[in-house]
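See structure below.
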Amino acid sequence: AWHKNNDVRQKQKIELKVYTGAKSIPDFPNAKVIEEYLKFNDEIPHEDVLDWQCPDLKQFQDKAFHYLSWTFQHSFEKCFPIITSWQQFKLSRDDQSDKITLLYKPTEYVSLSCLCVLM
Numbered sequence: 200a201w202h203k204n205n206d207v208r209q210k211q212k213i214e215l216k217v218y219t220g221a222k223s224i225p226d227f228p229n230a231k232v233i234e235e236y237l238k239f240n241d242e243i244p245h246e247d248v249l250d251w252q253c254p255d256l257k258q259f260q261d262k263a264f265h266y267l268s269w270t271f272q273h274s275f276e277k278c279f280p281i282i283t284s285w286q287q288f289k290l291s292r293d294d295q296s297d298k299i300t301l302l303y304k305p306t307e308y309v310s311l312s313c314l315c316v317l318m
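For the sequence shown, the tail end lands on 318 under the working numbering, and the numbers increase by one without skipping.
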């Protein structure tokens with residue numbers, strides 16, 4: 200516990216140093232900067248306008264392997280729920296259900312919380 204207290208004290212010292220330095224700057228924080236952050240003028244498009252693309256599993260696995268050193272199995276386990284969510288979303292839309300090709304089809308239900316798939 201003592202090492203955690205030292206970490207907390209060190210962080211407090213750094214925060215106090217930054218606070219003191221910022222206080223010494225005249226007109227800090229700048230009112231224009233504050234106003235820019237508080238002003239929200241971006242329009243969020245309606246979900247019908249957005250086209251949610253299926254995640255590219257191969258690209259995700261390559262990046263996860265390169266940047267995070269994840270195995271391909273681990274990255275598949277992380278990406279699989281997103282891909283199945285995408286499939287469910289597309290299948291739930293009447294206009295899209297005939298155009299979608301399922302990437303993963305259930306082969307059997309093992310339990311309510313687990314679904315086996317054939318790749």
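From the three backbone atoms N, C-alpha and C, an ideal C-beta is built for every residue, glycine too. Here the structure is a predicted model, which is why all the values come from computation and not from measurement.
For residue i, the three-state DSSP class (helix, strand or coil)
i	result
Lys212	helix
Thr270	coil
Met318	Low per-residue confidence applies at Met318: pLDDT is 49, beneath 50, and the placement is therefore not dependable, though the value from the model is reported in the following sentence. Note: Met318 maps to coil in three-state DSSP.
Element boundaries [alpha helix (DSSP H), containing residue i]
i	result
Tyr236	Ala230 to Leu237
Nearest to residue i (by Cα), restricted to the options the options
i	options	result
His273	Leu256, Lys289 and Phe288	Leu256
Pro280	Cys253, Leu237, Ala221 and Val207	Cys253
Lys289	Phe271, Gln258, Asp250 and Glu235	Asp250
Beta-ladder partner(s) of residue i, from DSSP
i	result
Lys257	DSSP lists no partner for Lys257.
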